[in-house]
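Trainee: Residue numbers -18 to -1, 1 to 283, in mature numbering (1 follows the signal peptide of the UniProt record, and there is no 0), belong to the letters of the sequence shown in order. Note that the Cβ used here is the ideal one computed from N, Cα and C, for glycine as well. Shown below is the structure under consideration.
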Amino acid sequence: NLHLRRLITCSLFPLVSSADYCYGEDYCTDPYEWSKTYFSCTPDYTKHHSPIDISARVMKNDSLPPLIFTGFHVVQSSWLVANTRDTVVVEVQKGMKVSGGGLRNEYQIVEMRFHWGSRTTNGSEHTFNKRRFPMEVHTRTHMYVHSLPLTSGLAKLGVFIDVTPSSLLAVYSESLKGAGQSVNVTPPALLDLMPNYTNRFYCYSGSQTAPPCFPTVQWIVFEKPIFISQKQASKKMTINVRRSQSQVTLLVENYRHVQSSAMRSVFASPDAAVLKSQGASPVGVFGTILILLLPCMLRMA
């Protein structure tokens, strides 16, 4: 694969997260406590919170059009990968948009955020028929009107990340050292980093999965996962959330718990599976999103 041979160049400078929440570290509250600070994070089945379980309750919608990816084939000059204390964020350049698939408008791609578990637990935010995957990546988008982003116009693309026994890439960067650091990477085309079978997806109305948890998100969750090696999955455990040299706190289980999907509909695209109560785990095809990004984003301890 040609883009696997690309050199990833790194330049280091500080970036401090503005997040004042966390996922259970001893110095702050976990997702169950977010509502004490952010009332809009209070679990309420009438408020359409996310994430949810993609379950047998999904309904086939044969009228859903395919997703349209604009600019995803273009190789951008640079992406910024940052450890923001609560996650790893990949900021992309302007020019990539997504529409169709039940989305109300055309949305511009802004960034990707990653969620994972620990050495002994999986950490995807959405679950698939009650199965939690090792990781999940969310591609966040904005709807723009007169060149201004609308806070009420959000859409997110959720992709599960699974593990394969084989090692796909054995080169890692030592450039990043802990929370508040970032690095520039030379990316491939975003289309190369999407899972195969993007015509198989589920859509629903939900919320942000981190504070302030506003229920203003149109979600697209893909049926098929992408894959990384077990070794690469373990590298996520080297990400830390403190800059102190004397004490390193690893960032683990940075996911919000599954919320109720009652009082709303979850639709399956015409080609997506309609699950059974005892549905099998999805079978994925190899993707490369983390193969290219992990070398610079997962050596942060």
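Using C-beta distances below 7 Å, list every residue in its chain close to G84, excluding the 5 sequence neighbours before and after it, in chain order.
Mentor: Excluding sequence neighbours, G84 sits near L46, C185 and F249.
Trainee: Mapping the DSSP letters down to three states, classify C185 as helix, strand or coil.
Mentor: C185: strand per DSSP, three-state reduction.
Trainee: Whose CA, out of A254, V240, M78 and V256, lies closest to the CA of Y27?
Mentor: The candidate whose alpha carbon is nearest that of Y27 is V240.
Trainee: Grab me the residues of K138's own chain with a C-beta within less than 6 Å of its C-beta, minus the 5 sequence neighbours each way, in chain order.
Mentor: H120, R122, V199 and W201, listed in sequence order.
Trainee: Any contact between the segment 101 to 116 and the segment 160 to 179? By contact I mean 3 or more CB pairs, one from each, below 8 Å.
Mentor: In short, these stretches do not touch, since the Cβ pair count stays below three.
Trainee: Rounded to whole angstroms, what's the CA-CA distance from Y89 to A64? Just pull it up for me.
Mentor: Rounded to whole angstroms, Y89 to A64 spans 23 Å at the Cα level.
Trainee: Looking at the structure shown, is K138 part of a helix, part of a strand, or coil, going by DSSP?
Mentor: Strand.
Trainee: Just to confirm the assignment, what range does the beta strand (DSSP E) spanning F204 have?
Mentor: Where F204 is concerned, the enclosing beta strand (DSSP E) stretches over V199 to F204.
Trainee: Between the Cα of W61 and those of G6, P169, Y5 and T146, spot the shortest distance and give me the residue it belongs to.
Mentor: It is P169.
Trainee: Among R101, G188 and V145, whose alpha-carbon lies nearest the alpha-carbon of S242?
Mentor: Checking every option, the nearest Cα to that of S242 belongs to G188.
Trainee: Who are the near neighbours of N145 in its chain, counting only those whose CB is closer than 6 Å to its CB and skipping five residues on each side?
Mentor: Reading the sequence as shown, one finds Val at residue 145 and not Asn. Correct list, in chain order: P116, Q212 and A215.
Trainee: Go ahead and label V56 buried or exposed: buried means 16 or more other beta carbons lie within 10 angstroms of its beta carbon, across all protein chains shown.
Mentor: Result: exposed.
Trainee: Using CA atoms only, rank isn't needed, just tell me which of L233, C23, S17 and K18 is closest to T103.
Mentor: Nearest option by C-alpha distance: L233.
Trainee: If you reduce the DSSP assignment to three classes, tell me which class L85 lands in.
Mentor: It is coil, neither helix nor strand.
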